[in-house]
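Chemist:
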Amino acid sequence: MSGAALGLEIVFVFFLALFLLHRYGDFKKQHRLVIIATLLAWYLCFLIVFILPLDVSTTIYNRCKLAVNSSPAESNGSYVTLAPSKQKCFKPWSYIPDGIMPIFWRVVYWTSQFLTWILLPFMQSYARSGGFSITGKIKTALIENAIYYGTYLLIFGAFLIYVAVNPNFNLQWNQLQTIGIAAANTWGLFLLVLLLGYGLVEIPRSHWNGAKRGYLLMKTYFKAAKLMTEKADAEENLEDIMEEVRKVSESIKYNHPLRKCVDTILKKCPTEYQERMGRNMDDYEDFDERQNSYPSEKSLAKLHKQVIYSVQRHRRTQVQWQILLEQAFYLEDVAKNESSATRQFVHTFHSQEPENKIIQYFYTPTVEWYWECLLRPWFYRVLAVVLATFSVIVVWSECTFFSTRPVLSLFAVFIQLAEKTYNYIYIEMACFLTIFFLSICVYSTVFRIRVFNYYYLASHHQTDAYSLLFSGMLFCRLTPPLCLNFLGLTHMDATISHKNTQPTAYTSIMGSMRVLSFIADGFYIYYPMLVVILCIATYFSLGTRCLNLLGFQQFMGDSEMTSDLIDEGKELIRREKRKRQRQEEGENRRREWKERYGNRDDSTRSRAVHTDQKESSFSETSANRPLSKYTRSNGRTERDRIELLQDAEPLDFNADSVNDDPLELDSGR
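Position 172 of the sequence shown, counted from 1, bears residue number 175 in this note's numbering, the numbering being contiguous throughout.
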């Protein structure tokens, strides 16, 4: 099993990152380089989280070997004896051979840092650029990132000059590398604590509120009112942009040098707008530079950028509106079925997507009723209590992990108890659950936050390229300090435990933080205590209240604005529900009409076809004969045609219309 666990986790994490990216990104419409860069960033960050427990168990086994193989004199010197010298060390099932983990961590870490500080910012500007060529997009991206890159180069250059001038510093390349890593981790830790303080409270609370049916339904109504406003704004913005595109398309004719740029813009527009503009365009009219003033290529690039943004936003709001409607209808169905005496779940509307037959066989209406109306609320409550317990343990450990005598961090206590018995399965499971919970609290906050319309991760393939790349940047900057924080909570970091033991392979590539003592002994230890204040602020919804005061409507139960938006959203859902019911009733009537009169329509249609064949054959034979001999036959043919039309589609008539029939008058004569 040597190295097999590492290989299995590498493959599993790749498919996990691919699945999440498929849920939020759009593989068909977005650029391949954007998909590959985001997938690589997510994959490396998730890989660090899943592989780190294996590094911990391997490090504990290596410490045991050193303690057993060393003499008693040596065990009191360079290494701390963790077990009696005669105790046998058992190799863990997931043991990774020496030399693999340092190379692995070095490749993963520096690749992620290259992505987050150099490549992804450049690709963000490239993806948002409205240029019409690769060269133009690269030029725009370099100009936008000149200030970004120049700031870092200025800081780094000033630091190098200070080190070169000051005789007290004699730094080598390894120490400069450690300083760079410490600076990146400090920035990441600053953001990590902010996101962690929000997630530690909000995740348990969201699951607890998930057990409240009335709460979820009211919040859905609130979201519907806000989303309808955003949807109307997106439609209005798209109409304005399309009007500008129409004017540009009409002014720049087919033989203008910038017509290719206009055609590129038109391809990004929705299909209905393309058809509308195509009908109103006259390509046979030449352009005249002396009569009209034409837009420049720079203004067309700006318009191209606006078209991409407005179309993406319009499509996203449309999809989110349909998803929110389905969610609201389902929650209303749950509220109605709670008082059902038959204990069978009844849906108001049938699912538009075809359901799996296996799921239909096991997930029957009775099972669905017991799960949705009886078991699911209790399951969410129990899960919320478990998550709240984990949050309390994390907050306590963040405030006390610097204490080594006695050991107050609960995670460190758990790991040290398992280390005495060398229970590697327990060690890996404890490490995995700890770092997985920390990752969920941080990463879920990244998926939830929204910076106006510039950064927003929307599911169902509705996330734009800029937001995907920005999320990759955040993950790459948050994961290394998250792992260092985890190693500090478990006292596997020598900087925290103050023991001269063998470090983990992950800690070894970070270098010794003693180069910057004010960071190692100050910021890394005392700044995480700020998570207590952030948790208290999140518990009392101070951030939500501040946003509400600033005019950004947030869901608050004691606010009049929230009540008004809930009533508005309820009316919108009711209106959409009536509309959906009318559509289904119309489809049912048409289906019943086809089932009842389908055979008659088919027979009528076959009679009409047969009559047309007889008429065509008769006309062919009559073409070779004198026309005057077959005047009455032509009248009979006309009579048959009228009768066929009356048989195919009955007409309403009265007595007056009968007397005016020209065929009756003709027959009388």
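Where a beta carbon is used, it is the ideal one built from N, C-alpha and C, also for glycine. Everything numeric in this text was worked out from a predicted model, so none of it was measured.
Could you tell me the distance, in whole angstroms, from the CA atom of residue 10 to the CA atom of residue 366?
Modeler: Approximately 36 Å, taken between the alpha carbons.
Chemist: Is residue 322 closer than 7 Å to residue 463 when the C-beta atoms are compared?
Modeler: Closer than 7 Å, so yes.
Chemist: Specify the secondary structure class of residue 507 as computed by DSSP and reduced to three states.
Modeler: Reduced to three states, the DSSP call for residue 507 is coil.
Chemist: By the 10 Å Cβ neighbour count, where 16 or more other Cβ atoms means buried, how is residue 1 classified, buried or exposed?
Modeler: An answer regarding residue 1 cannot be provided, because it is not within the stretch 4 to 672 covered by the chain.
Chemist: Residues in the same chain with beta-carbon distance under 7 Å from residue 64, minus the five sequence neighbours each way, listed in chain order, please.
Modeler: Around residue 64: 92, 94, 95, 98.
Chemist: Can you tell me whether residue 577 is buried or exposed, with buried defined as 16 or more other CB within 10 angstroms of its CB?
Modeler: So residue 577 ends up on the exposed side.
Chemist: Which residues does DSSP pair with residue 459 in a beta bridge?
Modeler: Residue 459 pairs with 453.
Chemist: Relative to the alpha-carbon of residue 491, which residue among 351, 114, 164, 406 has its alpha-carbon at the smallest distance?
Modeler: Checking every option, the nearest Cα to that of residue 491 belongs to 406.
Chemist: Three-state secondary structure (DSSP) at residue 196?
Modeler: In the structure shown, residue 196 sits in a helix (DSSP, three-state: H, G or I).
Chemist: So for residue 349, helix, strand or coil by DSSP?
Modeler: If DSSP states are grouped into helix, strand and coil, residue 349 belongs with coil.
Chemist: Where does residue 494 land, buried or exposed, given buried means 16+ other C-beta within 10 angstroms?
Modeler: Classification for residue 494: buried.
Chemist: Around the C-beta of residue 299, are 16 or more other C-beta atoms found within 10 angstroms, so that it is buried, or is it exposed?
Modeler: It is exposed - the Cβ of residue 299 has fewer than 16 other Cβ atoms within 10 Å.
Chemist: Anyone know if the C-beta pair for residue 203 and residue 538 falls short of 7 Å?
Modeler: Yes, they are a contact pair.
Chemist: In chain order, which alpha helix (DSSP H) runs of at least 4 residues are fully inside the stretch 128 to 181?
Modeler: With a minimum length of 4 residues, the continuous alpha helix (DSSP H) runs that stay inside the stretch 128 to 181 are 137 to 168.
Chemist: What distance in whole Å lies between the Cβ atoms of residue 46 and residue 15, which are believed to be in contact at a cut-off of 8 Å?
Modeler: No, residue 15 and residue 46 are not in contact; Cβ-Cβ is about 11 Å, not under 8 Å.
Chemist: For residue 673, which residues does DSSP report across the bridge?
Modeler: Outside the displayed span of the chain (4 to 672) sits residue 673, for which this structure offers no information.
Chemist: At what residues does the alpha helix (DSSP H) containing residue 538 begin and finish?
Modeler: Run containing residue 538: 534 to 542, per the alpha helix (DSSP H) assignment.
Chemist: Which same chain residues end up closer than 6 Å to residue 309 when comparing Cβ atoms and leaving out the 5 residues on each side of it in sequence?
Modeler: 244.
Chemist: Report the residue from 533, 230, 408 whose alpha carbon sits nearest the alpha carbon of residue 568.
Modeler: Taking only the C-alpha atoms, the option nearest residue 568 is 230.
Chemist: So residue 266 is in the alpha helix (DSSP H); what residue range does that whole segment cover?
Modeler: Residues 262 to 271.
Chemist: With DSSP collapsed to three states, give me the class of residue 640.
Modeler: Legend: pLDDT at residue 640 = 48, less than 50; position of this residue unreliable, value from coordinates given subsequently. Note: residue 640 maps to helix in three-state DSSP.
Chemist: Ends of the alpha helix (DSSP H) at residue 33?
Modeler: Looking at the DSSP string, residue 33 is not in any alpha helix (DSSP H), and its letter there is neither H nor E.
Chemist: Which residues in the same chain as residue 225 place their Cβ atom closer than 7 Å to its Cβ, once the five residues preceding and following it in sequence are excluded?
Modeler: Taken in chain order, the residues that qualify are 558, 565, 568, 569, 572.
Chemist: Could you check the C-alpha separation between residue 107 and residue 53 for me, to the nearest Å?
Modeler: Those two C-alpha atoms are separated by around 13 Å.
Chemist: Is it right to say residue 465 is buried, meaning 16 or more other beta carbons lie within 10 angstroms of its own, or is it exposed?
Modeler: Buried, since its Cβ has 16 or more Cβ neighbours within 10 Å.
Chemist: Mind checking which residues open and close the alpha helix (DSSP H) that includes residue 2?
Modeler: Absent from the model: residue 2. The displayed extent of the chain is 4 to 672, so no value can be given.
Chemist: Residue 2: which of 194, 12, 156, 201 sits nearest, CA to CA?
Modeler: The structure shown does not extend to residue 2, since the chain spans only 4 to 672, so no value can be given for it.
Chemist: In chain order, what residues of the same chain lie with their CB nearer than 7 Å to the CB of residue 147, ignoring the 5 residues before and after it?
Modeler: Excluding residues within five positions, the ones whose Cβ falls inside 7 Å are 128.
Chemist: Along the chain, where does the alpha helix (DSSP H) that runs through residue 116 open and close?
Modeler: Here the alpha helix (DSSP H) through residue 116 covers 103 to 117.
Chemist: With respect to the alpha helix (DSSP H) encompassing residue 301, which residues constitute its N-terminal and C-terminal limits?
Modeler: Element bounds for residue 301: 300 to 340.
Chemist: For the alpha helix (DSSP H) that contains residue 10, what are its first and last residues?
Modeler: Where residue 10 is concerned, the enclosing alpha helix (DSSP H) stretches over 7 to 27.
Chemist: Between residue 532 and residue 401, which are expected to be in contact by the criterion C-beta below 8 Å, what is the C-beta distance as a whole number of angstroms?
Modeler: Confirmed, about 7 Å.
Chemist: With 16 as the cutoff for other CB atoms within 10 Å, does residue 81 come out buried or exposed?
Modeler: Reliability fails at residue 81, whose pLDDT of 38 lies under 50, so the model's placement of it is uncertain and the value that follows must be treated cautiously. It is exposed - the Cβ of residue 81 has fewer than 16 other Cβ atoms within 10 Å.
Chemist: Is there contact here, the stretch 188 to 207 with the stretch 466 to 485, by at least three beta-carbon pairs under 8 Å?
Modeler: Judged by Cβ distances under 8 Å, the stretch 188 to 207 makes contact with the stretch 466 to 485, as three or more pairs qualify.
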